[in-house]
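Asks: Residue numbers (this note's numbering), protein chains in the order written: chain S, -4 to 122; chain G, 6 to 316; chain L, -2 to 493. Think of the CB as a built atom: it goes at the ideal place given N, C-alpha and C, for glycine as much as any other residue. The structure follows.
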């Protein structure tokens, strides 16, 4: 019973960990390169979910301070720090996805395949 | 182990019969090259017979079988490792402070100061904008550089060379694609874009300029504006887009935007304290606009490079 | 107003970022090359000035980035150790670019040459921030910058196998960054701070109350794994041989010399500043790092013996040398970490010199990289031959060269930790023998009489001559004058 209560109380963090491991398995086991990139995106999204869920405080509003409420603001709004960190993280995630997809496109033009097994085969033959 | 077939003699002596062409060669150099194996190195190298072949024979089936075996073992090992990681991760995460707890360690004086002092000191009601552009502005500068870096890398990878370096068949293929472009434009997309694109730009500008007092800011606005340009290009083709967004404009906007950010932030860091407090209140808006332009250019640039290989 | 040298770290970082932004708009490859070299020179000089100002007074300072002090704003922390390391990195990047310029012109397309120097400027910026930072999230952002720029440096050479090697490097590196980010997230939710000093204080409080013990152990494990992937720690080293050997000379030198060191330095800073060494010892993380370091030493050398291509051999040797560094960290004492830092300096200078010389020697024989085909090439470029010989002897550990001093310090620092002495000394001896087994045949090969007529003598390369001469001087200097350098490192570590 205690375990079930703990699981429900930490539902976001638990979901984030399941998603992270899912993304990691995709990254490592999928043979198609674009699916690996999707696994990487799932991993990053799970980390952002974990981070964003750490900022929420029950019963408070989004951290846009209404006029004249600055003095009691600490009691009325959620924690803005994780939101800022997630913003940075999302931009970084987009950048690396763009880079890896461009790399995959170049590899496809060069070798004609996006299957990692065939690629290893072709590269070994070339060397 | 490779016992040599020739009778035992001084290994360092010159051996004219060692190589096939009869030139006198130092046996020492032969050993260095791997053509003559002494006892000790035989333990670490492959058997002597293989050495005589000039190139390694590439055995296709054996390599394919090896690869299949490797991937099967790899599959099992990674699944096991991920299962273990999941159990450990879930266990660690369950004992964290619970979701929404106001007594969590994260809710200490840090967010309190950002929420109470932030609007007063920086002039931005949105505490997140205040935080990422003034208090933790260096991280945001780094993040803009990540975007810039991704764009430069994609340019390095995908940008087409100058026309003089293309082969003849590539040039004809490009000419064919260019000629085919107007006919591939979808009628529905063209008509809807005529209506939507102005509103998208307007909305993007609203989000950009309202970043201080409502959710929004440079990054989201940049994404919206770039969506507008991408839709425009997809509907009307590259010639129409290049009238206002060609390579020169692109490079100029990106460089000027990032330079404004770097110079403003550098001034903010390096100037003495009394000047800084004046600067803090007015820092956010120009940086926000610069970041918005840079993000817009980056997203559009990546799209253009993927589609055609040039901007 | 603060004293002028307080501004040096941030000025260097901003210079690197600004030059990267402006270089992207430049089209001329030669101008970009001059700017890249100029940037490396200016930052090296500035770091040297900083070191010179900090050493006599043995002080370190924190520099507030902006108007707001920690924990609300961002901060840099600078001390003698950081100044020394950044000076070394700037020097190595400058020398690598000089030594590899001819190969760059040969390998990279001319209109993309200026983008290459954008990447080197950003690599340098990332290295500076990783060394000076006092904030964990800034560390994450610049780790990502370092990853992306390193991958861009690898794929500058546009061949098929290079692209696949880049992809593998990218995926593994991003996995490492992801692990590091989870560590930062968990650490924030447990302590509530991002600045290192405040996090360290909170951790002391938590340890005294005994809360969150499991989390802290998991977090240290995540940081070690994440940063270890990027620095080629033993089980995660598979990406390095392909990535460092299939790319152009300057990239190999910069990557092997500096990029894999930046994340190790961040790990050292985390161990010393955030989680104190006592905590790392108590949780036995240092034992794990020690074991992995020793395995890296041995397996790296054994695999290098099997290699027949010169650059792959050097890449496997890099893995072995990173094993030395991890062994030093794994000893868990200040002396061990000081030895590891000294080896960082040694490996950065020697390995970049080795890669540049190998690049030049293979250019003499028409860019063929197999060791057999490089036979006798040193006779056509004596300086490259001398550089290769000295670099190889330094990696083996011959006295009067840099490698000897770092092995000496590693051996003496094990005397404090009773349980690890025998293993370290045995591994050091074994790996020295193994190093000799593959470096000496290579030295003999390049100096032996050439068999076939070498096709196309390469034209005189003045940039390479300058680079090789300075590198040789630095390696010999480090080998002879190791005591003052070690003193700087020890002082810097105590102020870390």
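Leaving out the 5 sequence neighbours to the left and right, which residues in its chain are closer than 7 angstroms to residue 269/G when beta-carbon positions are compared?
Replies: These residues qualify, in order along the chain: 288, 291 and 292.
Asks: Work out the CA separation of residue 123/L and residue 142/L for me, nearest whole Å.
Replies: 6 angstroms
Asks: Looking at the unbroken alpha helix (DSSP H) that takes in residue 71/L, where does it start and where does it end?
Replies: Here residue 71/L belongs to no alpha helix (DSSP H); instead the beta strand (DSSP E) covers 71 to 75.
Asks: Given a limit of 8 angstroms on CB to CB distance, which residues of the stretch 48 to 74 of chain S reach chain L?
Replies: From the stretch 48 to 74 of chain S, only 49 have a Cβ closer than 8 angstroms to chain L.
Asks: Assuming residue 349/L and residue 241/L form a contact by the criterion Cβ under 8 angstroms, report the distance between their Cβ atoms to the nearest whole angstrom.
Replies: Actually they are not in contact, since the Cβ atoms of residue 349/L and residue 241/L sit about 11 angstroms apart, beyond 8 angstroms.
Asks: Identify every residue that forms a DSSP beta bridge with residue 60/L.
Replies: Answer is 73/L.
Asks: So is residue 160/G buried or exposed if we call it buried at 16+ other beta carbons inside 10 Å?
Replies: buried
Asks: Report, in whole angstroms, the separation of the C-beta atoms of residue 90/L and residue 37/L, which I expect to be a contact under 8 angstroms.
Replies: 5 angstroms
Asks: Rounded to the nearest angstrom, what separates residue 174/L and residue 264/L at their Cα positions?
Replies: 13 angstroms
Asks: At the 9 angstroms Cβ level, is residue 118/L part of the contact set with chain S, yes or no?
Replies: no
Asks: For residue 465/L, which residues of its own chain have a beta-carbon under 6 angstroms away from its beta-carbon, when the five flanking residues on both sides are left out?
Replies: 380 and 384, listed in sequence order.
Asks: Identify which residue in 125/L, 33/L and 206/L has its Cα closest to the Cα of residue 75/L.
Replies: 125/L
Asks: My output table needs one value for residue 128/L: the three-state DSSP class, helix, strand or coil.
Replies: helix
Asks: Who are the neighbours of residue 172/L on chain S, taking C-beta pairs under 9 angstroms?
Replies: Result: 19, 22, 23, 35 and 38.
Asks: Name, in chain order, the residues that DSSP records as bridge partners for residue 72/S.
Replies: 56/S
Asks: Could you check the C-alpha separation between residue 86/L and residue 307/L for me, to the nearest Å?
Replies: Taking the straight line joining both Cα atoms gives about 24 angstroms.
Asks: What in chain S is Cβ-close to residue 141/G, meaning under 8 angstroms?
Replies: 79
Asks: Taking the alpha-carbon of residue 112/L as reference, which of 210/G, 177/G and 154/G has the nearest alpha-carbon?
Replies: 154/G
Asks: Spatial neighbours of residue 111/S within its chain, please: C-beta separation below 6 angstroms, excluding the five flanking residues on both sides.
Replies: Excluding sequence positions up to five before and after residue 111/S, its CB lies within less than 6 angstroms of the CB of 26, all in the same chain and listed in chain order.
Asks: For residue 369/L, collect the residues of the same chain with a Cβ closer than 8 angstroms to its Cβ; drop the 5 residues on either side in sequence, then sort them by chain order.
Replies: These residues qualify, in order along the chain: 305 and 442.
Asks: I need the DSSP call for residue 484/L, collapsed to helix, strand or coil.
Replies: helix
Asks: Could you please give the first and the last residue of the uninterrupted alpha helix (DSSP H) stretch that includes residue 154/L?
Replies: That residue, residue 154/L, is in no alpha helix (DSSP H); it is neither H nor E in DSSP.
Asks: Checking the sheet assignment: what are the DSSP bridge partners for residue 192/L?
Replies: 132/L
Asks: Cutting at 6 angstroms between CB atoms, please list the residues of its own chain near residue 260/L, excluding the five before and the five after it.
Replies: 224, 227 and 228
Asks: Please name the residue or residues paired with residue 367/L in a DSSP beta bridge.
Replies: Residue 367/L is bridged to 306/L.
Asks: Listed in chain order, which residues of the stretch 92 to 116 of chain S have Cβ atoms closer than 8 angstroms to some Cβ of chain G?
Replies: 93, 94, 96, 97, 98, 100, 101, 112, 115 and 116
Asks: Closer than 7 angstroms by C-beta to residue 71/S: which residues in its own chain qualify, once you throw out the five before and the five after it? Chain order, please.
Replies: Excluding sequence neighbours, residue 71/S sits near 55, 56 and 64.
Asks: Compile a chain-ordered list of the residues in the stretch 359 to 384 of chain L whose CB is closer than 9 angstroms to at least one CB of chain G.
Replies: 368, 369 and 372
Asks: So for residue 105/G, helix, strand or coil by DSSP?
Replies: strand
Asks: What does residue 147/G reach in chain L if we use C-beta pairs closer than 7 angstroms?
Replies: 135, 138, 139 and 142
Asks: Write down the C-beta distance between residue 463/L and residue 95/L rounded to the nearest angstrom, noting that I regard them as a contact closer than 8 angstroms.
Replies: 6 angstroms
Asks: Quick one: any contact between the stretch 101 to 116 of chain S and the stretch 80 to 87 of chain S, if contact means 3 or more CB pairs under 8 angstroms?
Replies: no
Asks: Flag this pair as yes or no: are the beta carbons of residue 231/L and residue 327/L separated by less than 9 angstroms?
Replies: With respect to residue 327/L, residue 231/L sits apart: the two C-beta atoms are not nearer than 9 angstroms.
Asks: Could you check which residue in 132/L, 159/L and 127/L has the C-alpha nearest to that of residue 104/L?
Replies: Residue nearest to residue 104/L within the set 132/L, 159/L and 127/L is 159/L (criterion: CA-CA distance).
Asks: Find out if the Cβ-Cβ distance for the pair residue 340/L, residue 403/L is shorter than 9 angstroms.
Replies: yes
Asks: Kindly indicate which three-state DSSP category residue 38/L falls into: helix, strand or coil?
Replies: helix
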